[in-house]
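Quick note, the sequence shown lines up with residues 106 to 454 if you use the working numbering.
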Amino acid sequence: MGRIIQTALASFGMSSMVFHGPSLKVNPNFSIKKILERSKNLSVEKYPEAEIVRSFENILNDREIELVVINTPDPLHYKMTQKALEAGKNVVVEKPFAQTLGEADELILLAKEKNLLLTVYQNRRWDGDFLTVKKIIEEKKVGRLVEFESHFDRYRNFIQPGTWKEDAGDKSGVLYNLGAHMIDQVLMLFGLPKSITAHLDILREGGRAKDYYDIRFQYDGFAAILKSSYLVREPGPRYSVHGTLGSFHKWGIDPQEQALKDGHLPNESSWGSEPKSDWGLLNAEIDGLNYKGKIETIPGNYNIFYENVYDALVTGADLLVKPEESRNGLKIMEICMQSDRDKRTIFLE
106 MGRIIQTALA
116 SFGMSSMVFH
126 GPSLKVNPNF
136 SIKKILERSK
146 NLSVEKYPEA
156 EIVRSFENIL
166 NDREIELVVI
176 NTPDPLHYKM
186 TQKALEAGKN
196 VVVEKPFAQT
206 LGEADELILL
216 AKEKNLLLTV
226 YQNRRWDGDF
236 LTVKKIIEEK
246 KVGRLVEFES
256 HFDRYRNFIQ
266 PGTWKEDAGD
276 KSGVLYNLGA
286 HMIDQVLMLF
296 GLPKSITAHL
306 DILREGGRAK
316 DYYDIRFQYD
326 GFAAILKSSY
336 LVREPGPRYS
346 VHGTLGSFHK
356 WGIDPQEQAL
366 KDGHLPNESS
376 WGSEPKSDWG
386 LLNAEIDGLN
396 YKGKIETIPG
406 NYNIFYENVY
416 DALVTGADLL
426 VKPEESRNGL
436 KIMEICMQSD
446 RDKRTIFLE
């Protein structure tokens with residue numbers, strides 16, 4: 106075991122309970138020293154070794170803390186990340202890590218000036234279904250790609266009370282929530298598109314935040330389509346990949362989040378694996394022969410994110426999630442908003 110990275114969580118909401126806390130807990134190279142809870146003591150049950158503090162300044166003034174996880178509501182990300190960097194702390198921040206491109210650029214520059222780590226928690230790069238789709242595309246299992254389609258649908262036909270995610274505003278809604286993951290995945294697969302056409306809407310009665318989008322990224326020779334809706338009771342494929350030699354469909358969603366919600370820790374055996382019944386279906390011509398059958402899902406593993414953060418801090422390894430990449434995702438979201446407002450296709454320079 107190398108040096109222990111003393112870490113603080115800037116809140117103890119869903120992301121700490123389900124994602125950050127468990128990944129840090131099973132990694133012996135991190136120790137959660139402090140957790141910010143303004144009035145409650147929810148973390149004491151699972152993290153009794155951590156000190157509960159009532160102010161962010163308590164964390165910033167602690168010289169032993171090397172890493173701060175900013176996992177507060179989106180509007181707080183920029184200012185809290187700025188304060189943490191100015192206090193000499195390395196930072197993991199939830200997506201989207203800023204509200205505007207200007208804010209993102211400021212944070213990236215500040216981290217570089219202070220020689221500090223800044224990365225964004227894009228954990229769904231390590232979803233098993235996404236890793237499998239990535240391999241299908243890279244190995245040209247469907248031939249030359251002509252269309253990629255990704256869905257992240259839910260069924261919630263009511264307005265959830267008591268959450269900032271349902272508030273009105275350009276930076277709220279499903280695009281800046283689920284869309285931040287889906288856009289990051291597409292950029293990892295294909296890079297920046299030639300053009301973007303986006304349609305956003307509010308489908309639920311009484312809704313104030315956008316709860317639907319249909320986005321088309323145009324590339325040379327193929328399109329990538331992203332869709333999300335809160336009114337999909339019977340979902341279709343999570344991913345569909347079509348090419349000149351065949352198609353691949355993957356239903357369901359990576360099992361890690363639900364396992365974490367159910368109280369499992371991400372160091373259990375067969376973590377991230379799916380049963381054969383959930384594997385995707387490939388129908389394609391391979392080496393001149395027709396094939397139709399299941400493709401085993403590559404096991405997902407969110408732990409890779411913090412393993413890389415440790416390596417970057419201790420050995421200087423390259424970050425797997427560079428802040429500039431998440432900055433590009435933020436740029437794409439702003440273009441989607443513009444496309445929807447103007448009702449037109451936006452061509453990227």
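Even glycine gets a Cβ: it sits at the ideal position worked out from N, Cα and C. Computed from a predicted structure; not experimentally measured.
A Cβ-Cβ separation of about 7 Å places PHE202 in contact with LEU212 under the 8 Å criterion. The distance from the Cβ of ASN413 to that of LEU424 is about 7 Å, consistent with a contact at the 8 Å cut-off. For VAL414, the three-state secondary structure derived from DSSP is helix.
Nearest in C-alpha terms to GLU454, of all of GLY421, SER136, PRO298, is PRO298.
Note: ALA209 is not bridge-paired with any residue in the DSSP secondary-structure output.
Comparing alpha-carbon positions, the option among PRO371, ASP359, LEU294, ILE170 lying closest to ARG108 turns out to be ILE170.
Counted as a single uninterrupted DSSP element, the stretch harbouring ASP319 is not any alpha helix (DSSP H) but the beta strand (DSSP E) occupying residues 317-324.
Fully enclosed alpha helix (DSSP H) runs of no fewer than 4 residues occupy 206-218, 233-243 of the region 204-278, in order along the chain. Taking a cut-off of 8 Å on C-beta distances, the region 250-260 touches the region 328-343, as three or more cross pairs fall below it. The region 234-245 makes contact with the region 347-363: 3 or more CB pairs, one atom from each, lie closer than 8 Å.
Under the DSSP assignment, TYR396 falls in the beta strand (DSSP E) whose first and last residues are 394-400. Contact between the region 383-401 and the region 137-150 is absent: fewer than three C-beta pairs spanning the two stretches fall below 8 Å. If you look at LYS366, you'll find it isn't in any beta strand (DSSP E); it sits in the alpha helix (DSSP H) that goes 361-366.
Under the criterion of beta carbons closer than 8 Å, VAL225 and PRO428 qualify as touching, at roughly 6 Å. In the displayed model, GLY296 falls within coil according to three-state DSSP, outside both helix and strand. ASP447 has its alpha-carbon roughly 48 Å from the corresponding atom of SER375.
One alpha carbon belongs to LEU418, the other to LEU222, and they sit about 7 Å apart. Contact between GLU199 and HIS182 holds, with the beta-carbon distance rounding to 7 Å and staying under 8 Å. A Cβ-Cβ distance of about 15 Å is found for the pair THR112 and LYS151, leaving them out of contact under the 8 Å criterion.
Counting of Cβ neighbours within 10 angstroms places PHE253 among the buried residues, the total reaching 16 or more. Within the region 151-186, the complete alpha helix (DSSP H) segments of 4 residues or longer fall at 161-165, listed in chain order.
Note on geometry: alpha-carbon atoms of GLU379 and ASN228 lie some 18 Å from one another. For ASN388, no alpha helix (DSSP H) run applies; the uninterrupted beta strand (DSSP E) run containing it begins and ends at 385-391, by DSSP. ALA303 counts as buried, since at least 16 other C-beta atoms from the protein chains shown sit within 10 angstroms of its C-beta. Take PRO178, set aside five residues on each side of it, and the residues of its chain with a beta-carbon closer than 7 Å to its own are TRP269, in chain order.
Looking only at GLY385, MET119, HIS369, ALA329, the smallest Cα-Cα distance to ILE400 is reached by GLY385. Across the set TYR281, SER382, LEU250, the C-alpha of LEU250 shows the shortest separation from the C-alpha of SER345. Residue environment: PHE452 is assigned as exposed (fewer than 16 neighbouring CB atoms within 10 Å of its CB, all protein chains considered).
Distance between LYS240 and GLU156, taken at the CA atoms: about 43 Å. By the criterion of a C-beta distance shorter than 6 Å, GLN265 is surrounded in its chain by GLU271, once the five residues flanking it on both sides are discounted. Within the same chain, and ignoring the five residues on either side of LEU206 in sequence, the residues whose Cβ sits closer than 8 Å to its Cβ are ARG432, LEU435, LYS436, GLU439.
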